[in-house]
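In this note's numbering, the protein residues as written are 1 to 556. Heads up, the beta-carbon is just placed ideally off N, CA and C, and yes, glycines get one too. Note that the structure is a prediction, hence the values are computed from the model and not measured. A quick write-up on the structure given underneath.
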RNA sequence: GUCCCAGUAGCUCAGCUGGAUAGAGCAACAGCCUUCUAAGCUGUGGGUCGCAGGUUCGAAUCCUGCCUGGGACGCCA
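See below:
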């Protein structure tokens with residue numbers, strides 16, 4: 001439990017009690033008390049708008065209500081120093097100076113656990129993300145998915161959820177046959193035969209690699225082989241090759257999955273049949289034009305969807321329904337999919353399918369990641385995966401580094417399109433906020449080293465009440481907010497809150513650094529307190545960066 | 001035509017459950033290193049929050065309509 005939240009809770013209770021004592025409203029009609037931290041210092045440490053909220057019910061002017069509340073407030077209860085009424089009816093609270101005093105000790109004691117909360121109450125969350133077809137390289141847009149999904153999972157974990165990260169491998173559809181035929185063409189090309197890549201084939205460099213590797217390992221063996229046998233082998237070979245590459249690239253990007261789930265396994269284990277049986281039993285399917293349809297319109301979809309095509313094959317949707325049934329059967333409290341903006345139209349039919357299966361659709365949620373446009377010299381670069389002109393994740397990492405790429409992609413709202421300027425990400429300059437934050441961490445490291453070298457007590461007792469300078473109070477307030485930032489970022493699935501926070505914290509640190517001297521031989525008491533403060537800031541920045549999957553360097 | 005996302009400072013973007021004078025970075029301008037890392041700090045200028053209505057004590061935020069840009073509307077995946 002963190003200090004700030006406790007203080008706020010006590011304060012809220014005191015306010016609620018005052019409202020009741022003033023007879024403004026019946027207990028049943030009591031609105032929830034909202035506390036905010038004002039931007040202006042003149043508006044106190046906390047403020048509430050409760051008087052305005054009550055204006056209607058109590059049929060009184062907000063300022064009058066505010067006065068009633070204040071006169072019934074038990075100031076002794078919550079470290080309140082002073083209360084003001086301001087503006088249209090805000091009640092501003094100025095806290096006793098030491099209300100922030102325990103924060104440093106709390107942070108130091110919690111260490112790398114500082115910031116963790118249990119707001120998730122152990123709920124089990126499953127997050128499926130990336131899930132790129134194993135037919136080519138991960139490119140820029142996938143990097144955004146990977147960074148977002150991974151940080152989201154970290155946030156869930158840090159806020160008391162139990163998370164499973166899952167990658168759905170599309171290893172059963174047409175595209176895998178296309179992969180096999182593309183590999184075949186590259187294999188023959190490696191042999192010197194000018195076989196063309198099929199129309200729907202993949203033209204990425206990775207396929208050339210596969211063809212060459214295959215040719216080196218197997219020589220001419222497959223040239224004269226039975227075509228069906230050859231394709232079957234090339235399919236499984238290509239799949240393995242691609243999956244390994246995906247795994248390695250993601251690992252390098254510091255993204256790991258708890259489970260790689262094979263679409264093919266849904267066929268092999270009869271899960272698709274089972275799901276179809278349920279849909280049929282519940283009478284949400286019908287036959288028309290030689291195909292089997294799902295009555296998704298009964299659940300708000302624009303039109304019904306085909307489950308089994310005229311040719312007897314499943315559409316993409318069908319195994320995916322079985323997959324989601326299986327997710328539900330595993331007992332998750334939340335099932336989250338991270339999809340690209342171009343798939344948003346897929347959401348209504350998936351929701352419909354879940355309801356048709358008889359499962360609670362509230363558990364299902366989709367986070368949409370909008371497009372990434374690559375920008376070079378101010379102009380958008382057209383990318384095409386099929387044509388092989390997309391910039392791969394690997395190239396991106398090579399150019400800008402994992403830290404910068406991850407930070408950059410999580411910095412903005414996932415729902416906004418993003419222009420990614422390669423040169424900007426590449427530039428190790430002040431345009432890159434990740435360096436700014438890392439620098440703050442490294443700066444503290446250096447200070448602490450200096451402190452040791454100069455013989456200051458680094459791990460001793462300290463008196464936090466000496467931390468009264470503006471910049472210190474600013475740091476303390478920000479430190480105290482960290483657990484709440486994590487909880488809110490998780491709840492709203494908004495990792496950009498975390499980058500924003502850690503940037504602000506770094507900013508406060510730099511500002512403090514330039515305003516005050518930490519190591520002061522003439523004031524050992526204050527020095528001890530400030531060293532403790534620095535350690536707390538360092539821990540908090542490191543914890544935040546860890547959630548972002550960004551390194552916290554000791555020196556730069 | 002229907003649906004989704006976006007439109008906020010010159011540029012890139014934040015903006016919480018509706019709150020007080022709408023923020024940050026970059027760019028521009030003016031300062032700060034014999035002192036713990038100047039990859040930093042301090043200050044200045046810069047805004048009809050796309051447009052028009054509505055809801056209310058109060059709207060960048062919620063509702064409706066419209067405009068602009070992007071995306072999606074398949075028995076592809």
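Query	Result
Return the first residue and the last residue of the beta strand (DSSP E) that residue 493 is part of.	That residue, residue 493, is in no beta strand (DSSP E); it is neither H nor E in DSSP.
Output the distance between the C-alpha atoms of residue 283 and residue 301, rounded to the nearest integer angstrom.	17 Å
For a test of the three-state rule: what should DSSP assign to residue 81, helix, strand or coil?	strand
So what's residue 417 in DSSP terms, helix, strand or just coil?	coil
For a test of the three-state rule: what should DSSP assign to residue 370, helix, strand or coil?	coil
For the 8 Å Cβ check, are there 3 or more pairs between the stretch 63-83 and the stretch 33-43?	no
Taking 7 Å as the cut-off, decide whether the C-beta atoms of residue 120 and residue 145 are in contact.	no
Name the two residues that bound the continuous alpha helix (DSSP H) containing residue 66.	62-71
What does DSSP give as the partner residue(s) for residue 262 in the beta ladder?	169
On the criterion of 16 or more Cβ atoms from any shown chain inside 10 Å, does residue 391 qualify as buried, or is it exposed?	buried
Going along the chain, which residues of its own chain have a beta-carbon closer than 8 Å to the beta-carbon of residue 518, five neighbours each way excluded?	447, 451, 527, 530, 531 and 534
So if DSSP puts residue 48 in a beta bridge, which residue, or which two residues, is it bridged to?	35 and 91
Under 7 Å between the Cβ atoms of residue 479 and residue 540?	yes
Determine the extent of the beta strand (DSSP E) in which residue 362 is found, giving its start and end residues.	It is not in any beta strand (DSSP E) - residue 362 carries neither H nor E in the DSSP assignment.
Under 8 Å, with one C-beta from each stretch per pair, do the stretch 83-93 and the stretch 107-116 reach the 3-pair mark?	no
Note down, in chain order, each residue of its chain lying with its Cβ closer than 6 Å to the Cβ of residue 1, except the 5 sequence neighbours on either side.	In this predicted model, residue 1 has a pLDDT of only 49, less than 50, meaning its place in the structure is not dependable; the value taken from the coordinates is given anyway. Counting only Cβ-Cβ distances below 6 Å, and skipping sequence neighbours, we find nothing.
Rounded to whole angstroms, what is the Cα-Cα separation between residue 320 and residue 227?	30 Å
Measuring CB to CB, does residue 24 end up less than 7 Å from residue 58?	yes
What number of angstroms, rounded off, separates the C-alpha of residue 400 from the C-alpha of residue 129?	23 Å
Any idea what DSSP makes of residue 334, helix, strand or coil?	strand
Find out if the Cβ-Cβ distance for the pair residue 81, residue 60 is shorter than 7 Å.	no
Taking only three categories from DSSP, how would you classify residue 1?	Unreliable placement is indicated for residue 1, whose pLDDT of 49 sits below 50; no coordinate value is reported for it.
Less than 7 Å between the C-beta atoms of residue 167 and residue 257, yes or no?	yes
Should residue 249 be labelled buried (16 or more other beta-carbon atoms within 10 Å of its own) or exposed?	buried
Look up residue 238 in the DSSP assignment and say whether it is helix, strand or coil.	helix
In chain order, what are the residue ranges of uninterrupted alpha helix (DSSP H) at least 4 long that sit wholly in the stretch 152-206?	174-191
How big is the Cα-Cα spacing for residue 63 and residue 343?	50 Å
For residue 352 and residue 299, which I take to be in contact (beta-carbon distance under 8 Å), what is that distance rounded to the nearest angstrom?	4 Å
Within the chosen definition, does the stretch 433-448 reach the stretch 167-179 through at least 3 CB pairs nearer than 8 Å?	no
Thinking just about the alpha-carbon of each residue, which of 370, 41 and 376 is nearest to the one in residue 413?	370
My output table needs one value for residue 103: the three-state DSSP class, helix, strand or coil.	helix
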